[in-house]
Amino acid sequence: MGPLSQKIPGGLITADELRAAVADGEVETVTLAVADMQGRLVGKRHQARGFVERLLTGTAEACAYLLATDVEMRPLPGFGAASWETGYGDMRLVPDLGTLRRLPWHGGGALVLADAQDSHGQPLVTAPRQVLQDQIGRLAELGLTAKVGLETEFTVYRGSCERVPHTMEPLTPRNLDYALVQPLAVGEYLHEMEELLTEGGLPVEAVKTEAAPGQVEITFHYGEALTAADNHAVFKHTIKTVTPWTENSATFMAAPVTGVGNGMHIHLSLWRDGDRPVVPTEGGGLSATGAHTVAGLVEGLPRLLPLLLPTANSYKRLRPHSFAPTRATWGWDNRTCAVRVTGHGSGLHLEIRLAGADANPYLAIAAVLAACRFGITRELQPPSAITGNAYTTDSPALASTIQPAVDAFRDSATAADLLGKEVVAHYATAAQIECDVAATRVTDIERDRGFHDA
């Protein structure tokens, strides 16, 4: 198991605790990371003593192209934040010491997340973490805070990332949804991941195998929206780092194979004065604010889809009777809807089932908060709740491919008003790149269907 056999204490630490650990030789490296446009952590590993001396309360630099590329890290035209025309200069990275943690595996060292700033020390408005912070701030102007719990699926395959695309052998051979009796390799993998995530300070609530072969779901306790996104970024980084040490590979693709869908469900509650939930009534129904929130999600999210479904592959998850939504609907405890009202009493909350596991958590949560605010400020009223099969209703259909979603997002005055024109232009460019790649690259499907018979 390599580094997994040498676990060390991990979890959140203070700056003083880092200084002490570095002085004692317990921490040799500190990784300063920023979430890129795809939600991946990128950055540099710094020698710990130098980091403590120079960067712990200062700033570092990185090429701003990290926030202006596609998933393959290609520097492409169309991004205002960084381009050939701007010379691809540096951005500043400011450590957020509230995210400082030790990673609980040998050689992991410490990790701290950063906020991105321009050369003048101003926040980069298109940086994913900043996009979410802006939405949190605008919600606070209404006297509201959001608490979020994320529930994410991913699929595990046997072998290396280089081998898997040719073999696609899942870790579990069949549907093991909710199974408590599992093959030994599966049980060992789940135990290792749960232990590492918990040791790393992540608030794991539950772990289970899912319906598709090789599919795993991990649910996290709810908390502040920014913390939930930060934790998800660290969670994904941990899974992608550690899974290869088990001689497996993990993917967060929304549809890694035909008929398999990996989602990221966003559980949301809104609070006033920090301790008063505003979505439910005392009788267990939806309050006026709750109804406005649902209406904003149902009407607003279809205009913001590239922030929840960022790639061409994302839309292949949205299929009838797949437990992923195909229509802009809501319902009470209804998993065929895009928005599910669930829970009881003061715990009544909303589950937004749209986002794929490939979504950037900062952007997906930002889109959800923006849509909530859209409904609340306009006092929108929701359509009737769906009580049966939402797939067969005549409710408005969600975009089933990426190009219509990009067009709607780019041209939406609502999106521009909620997010800002610069943010919309930036992420519309990113989504259009995904459209163009999907439209122009030759695929295995084309070869499978045409190589011999053309």
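Each residue of the sequence shown is one higher than the last, beginning at 13 in the numbering used here. Note that beta-carbon positions come from the ideal geometry of N, C-alpha and C, so glycine has one too. Note that this is a predicted model, so its numbers are computed, not measured.
About 6 Å separates the Cβ atoms of A72 and L44, confirming a contact at the 8 Å cut-off. F463 has its alpha-carbon roughly 44 Å from the corresponding atom of A241. Residue pairing by DSSP places G199 in no beta bridge whatsoever.
For C75, the enclosing beta strand (DSSP E) starts and ends at 72-75.
Between A427 and V436 the beta-carbon gap is near 5 Å, inside 8 Å, which marks them as a contact.
When the beta-carbon positions are compared, A80 and G55 stay at least 8 Å from each other. Nearest in C-alpha terms to A450, of all of Y439, L156, A324, is A324. Taking the Cα positions, A267 is about 35 Å away from L156.
Counting only residues of its own chain and dropping the five nearest sequence neighbours on each side, P140 has a CB closer than 6 Å to the CB of A47, N372, Y374, L375. By the criterion of at least three beta-carbon pairs nearer than 8 Å, the segment 319-333 is in contact with the segment 254-272.
For P140, no beta strand (DSSP E) run applies; the uninterrupted alpha helix (DSSP H) run containing it begins and ends at 140-152, by DSSP. Membership of Q59 in any alpha helix (DSSP H) is not indicated; the residue belongs instead to the beta strand (DSSP E) covering 53-59. Closest in C-alpha terms to P225, from the list L238, T270, V34, T210, comes T270. Secondary structure of S261 (DSSP, three-state): strand. Relative to W283, the option among F63, L360, Q134, I414 whose CA is nearest is L360. For P135, the beta-bridge partners assigned by DSSP are Q129. At a cut-off of 4 residues, the continuous stretches assigned as alpha helix (DSSP H) that sit fully inside the segment 223-260 are 237-254. Residue environment for F335: exposed (fewer than 16 other C-beta atoms within 10 angstroms of its C-beta). Taking C-beta atoms under 8 Å as the contact rule, T341 and I398 qualify, at a distance of about 5 Å. In the DSSP assignment, H333 is bridged to no other residue. In this model, G296 and H356 are separated by some 7 Å (Cα to Cα).
Counting of Cβ neighbours within 10 angstroms places L316 among the buried residues, the total reaching 16 or more. Secondary structure at A303: helix, using DSSP grouped into helix, strand and coil. A Cβ-Cβ contact shorter than 8 Å links F166 with A369.
By the neighbour-count definition (other C-beta atoms within 10 Å, threshold 16), D456 is an exposed residue. Taking 8 Å as the cut-off, the beta carbon of A350 is found no closer than this to the beta carbon of V306.
Within the same chain, and ignoring the five residues on either side of T405 in sequence, the residues whose Cβ sits closer than 8 Å to its Cβ are R339, T341, I398. Beta-bridge partners of A47 (DSSP): L53.
With fewer than 16 other beta carbons inside 10 angstroms of its own, Y190 counts as exposed.
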